[in-house]
Amino acid sequence: MKNHRIRLRHTVGGLVAGILLTLASGAPAQAEETPVPMQLPSFPVQVNGLKIDNERSPYPVLTYNNMVYLPVKPFADTLGLEVVWDAARGLKITRRERPLAIRPTVELKDKASVSRRYDAVLPGFPIEVNGKSINNAAEPYPLLLVDNVSYFPMTWRFTRNEFGWRTDWSAKEGFQLTTEQQKVLHRIIAEDTEALYVEAESNRMLKVNKDLKGDPSPVDDKAKANVSQLAEKRKPGVPFAGDPKQAAVRLGDSVYYDNIELMSLKPILEKAAAFYESQTEYVNKGLDVQSKIMKLDDRTVLAVISISSFLHIPPPYTPYTHEAFIIRDGKASSVPDLTQVPTRVVRNPDGSFWIVSEAADRMTSRTPNVNGQLALLDTSGQLHGMNTKLGEKDIDLLAATADGLTVKAYSDRFKAYHDSFIPLDAEERETYYLLDLQGNGTRLFLYKGAGRGYVDSKGHIYVVDRQVNRISDLTSGQSRTWWDYELKP
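Under mature numbering (1 follows the signal peptide of the UniProt record, and there is no 0), read the sequence shown as residues -31 to -1, 1 to 458, first letter to last.
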């Protein structure tokens, strides 16, 4: 051990977590080195909310040079790790694809062992973490053995990058470990005077007090149906719907509506022609041009042109583009920032309009680039692209009033929402704004994380976190987190 200088780096509150991994069978080989002493910590330790009774645990938490080694044998499933020992291949530690949502438990001895001495040595067997071979001798925090029990130290690259765990430290609470959680709470869809209604896993619905006190309670099927109706009614504006009696037409290389030219098709046609000229095995089938026309008021029409090209590629993979236009007083203007079919239109009391294209909630073959887009047509007829104005790739509409909108603006939707593995302390950021009817934005809150927002009848902004089962009331500053095992039916 004397050749290993264990230094403190990448820690929370000066502490780094380690993991005890008891070998399934056989006694591991040990290196011939002088043992080094380890101690019981002088501070509290918590694993997924469980306070460890360290003095009575048969596998105690240990410290060495201010580094925490957390015993994991009783919590292997809770931590979402598979641990395999093979006499020939050594120790393999692998992160499970899905947390098991198991309540942590620990064995306790009748008497405390506060005076016992714990000596550690380096192991002599191979080690793999998530399929990667570990050069244990070169690690600043090597795996150690205490009484033939393997203690695997968690440096920053292991806790965060390999396992995605979060470590916290405070003088009051001590060392706290939060592992990857099974997501139970999904989004708030409705409310009553006292409670929020939250969609949960397995097609469940839970009722949560607005003050976030107490535990969520299940909602029965009859009440669920009523809540779903309330949720549909509270959506701002009306769905975008084309008039089946109205359509744009293609004349030559351009698209027209009511004898007004909306766009030229020449750039798309030229790009296709160049491709088919170089790729003669494919047949050029031209373009498919579709339109949806919605009358907004007596002066204003919203037209959306959808163009599919390279028709030799079968759906749903056929390339396509969408162009949106406002037609007012005989003139057509392209709607900025709107490259998708609108989903909703919100008419304001002053005669202005919000045009909304909602982001895809789940990734499919057709939705990897479907983002939240928002544009404003003000009373003077000027169009404002709000994504460009706020500098964000996505905008979600949360609530509409006579004075404007409450929205969430963010970027990297699928990095935050659909990556199969994101560390719990990933630096995602989402900003909540109030937008007035002139397109000006007032920043309300910055949410450190990724979540689904909801605005209640009193204007409070709630966020259901995307990674852990946490609901935050940004307006009051209150927050509540539940462990996954607490929310299981």
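C-beta atoms are modelled at their ideal positions from N, C-alpha and C, and glycine is treated no differently. Treat the numbers as computed from the prediction; the structure is a model and nothing was measured.
Report the residue from the options whose alpha carbon sits nearest the alpha carbon of residue i.
i           : options               : result
residue 267 : 295, 355, 420 and 329 : 295
residue 149 : 155, 129 and 138      : 129
residue 213 : 321, 272, 166 and 155 : 272
residue 205 : 100, 231, 368 and 140 : 368
residue 180 : 457, 449, 201 and 366 : 449
residue 348 : 376, 265, 231 and 118 : 265
residue 59  : 88, 24, 37 and 96     : 96
residue 400 : 419, 161, 407 and 223 : 419
residue 184 : 10, 256 and 440       : 440
residue 160 : 309, 195 and 318      : 195
residue 18  : 201, 47, 24 and 42    : 47
residue 421 : 374, 379 and 258      : 379
residue 322 : 397, 304 and 330      : 304
residue 443 : 404, 407, 451 and 377 : 377
residue 287 : 52, 240 and 257       : 257
residue 190 : 182, 176, 14 and 414  : 176
residue 153 : 101, 355, 199 and 70  : 70
residue 108 : 126, 454 and 365      : 126
residue 447 : 25, 456, 416 and 211  : 416
residue 458 : 6, 174, 279 and 208   : 174
residue 425 : 200, 309 and 246      : 200
residue 318 : 247, 381, 248 and 406 : 406
residue 410 : 155, 29, 374 and 452  : 374
residue 372 : 136, 23, 243 and 404  : 404
In terms of residues, what are the limits of the alpha helix (DSSP H) holding residue i?
i           : result
residue 456 : 453 to 456
residue 247 : 235 to 247
residue 359 : 355 to 359
residue 193 : 190 to 202
How big is the Cα-Cα spacing for residue i and residue j?
i           : j           : result
residue 33  : residue 8   : 7 Å
residue 3   : residue 433 : 51 Å
residue 460 : residue 276 : Summary: the structure shown does not reach residue 460, with the chain confined to residues -31 through 458, and so no result is reported for it.
residue 165 : residue 157 : 7 Å
residue 35  : residue 45  : 24 Å
residue 122 : residue 360 : 41 Å
residue 104 : residue 131 : 16 Å
residue 86  : residue 93  : 22 Å
residue 63  : residue 218 : 58 Å
residue 338 : residue 329 : 8 Å
residue 31  : residue 134 : 19 Å
residue 162 : residue 178 : 10 Å
residue 363 : residue 91  : 50 Å
residue 302 : residue 312 : 19 Å
residue 114 : residue 14  : 21 Å
residue 249 : residue 281 : 12 Å
residue 269 : residue 298 : 7 Å
residue 52  : residue 98  : 10 Å
residue 197 : residue 168 : 10 Å
residue 453 : residue 151 : 6 Å
residue 120 : residue 171 : 37 Å
According to DSSP, what are the bridge partners of residue i?
i           : result
residue 138 : 144
residue 421 : 433
residue 291 : 275
residue 125 : DSSP output for residue 125 lists no bridge partner at all.
residue 106 : None; residue 106 has no bridge partner.
residue 4   : Answer is none; residue 4 lacks a bridge partner.
residue 171 : For residue 171, which the question treats as bridged, DSSP gives no partner whatsoever.
Within the same chain, show all residues whose beta-carbon is closer than 6 Å to that of residue i, passing over the 5 residues directly before and after it, in chain order.
i           : result
residue 12  : 143
residue 292 : 232 and 274
residue -10 : Bear in mind that the predicted position of residue -10 carries a pLDDT of just 45, short of 50, making it unreliable; the figure below should be weighed with that in mind. Closer than 6 Å at Cβ, skipping near neighbours: 42 and 118.
residue 315 : 205, 206, 323 and 369
residue 320 : 348
residue 279 : 288
residue 73  : 16, 17, 19, 44 and 47
In chain order, what residues of the same chain lie with their CB nearer than 7 Å to the CB of residue i, ignoring the 5 residues before and after it?
i           : result
residue 459 : There is simply no residue 459 to check, as the chain begins at -31 and stops at 458 in what is shown.
residue 215 : 262
residue 245 : 251 and 253
Any heavy atom of the ligand FAD closer than 7 Å to the beta-carbon of residue i?
i          : result
residue 53 : Judged by which ligands are present, the structure shown has none, so any question about the ligand FAD falls away.
Which residue comes first and which comes last in the beta strand (DSSP E) that contains residue i?
i           : result
residue 302 : 300 to 303
residue 381 : From DSSP, residue 381 is part of no beta strand (DSSP E); its letter is neither H nor E.
residue 405 : 398 to 405
residue 182 : Unbroken run through residue 182: none, as it is neither H nor E.
residue 88  : 87 to 89
residue 61  : 59 to 64
residue 368 : 363 to 370
residue 440 : 438 to 442
residue 97  : 96 to 98
residue 251 : Per DSSP, residue 251 belongs to no beta strand (DSSP E) and is neither H nor E.
Any Cβ of chain B within less than 8 Å of the Cβ of residue i?
i           : result
residue 160 : Absent here is chain B; the protein component of the structure consists of one chain.
Residues in the same chain with beta-carbon distance under 8 Å from residue i, minus the five sequence neighbours each way, listed in chain order, please.
i           : result
residue 309 : 291, 326, 339, 340 and 342
residue 203 : 159
residue 211 : 260, 261, 262, 263 and 273
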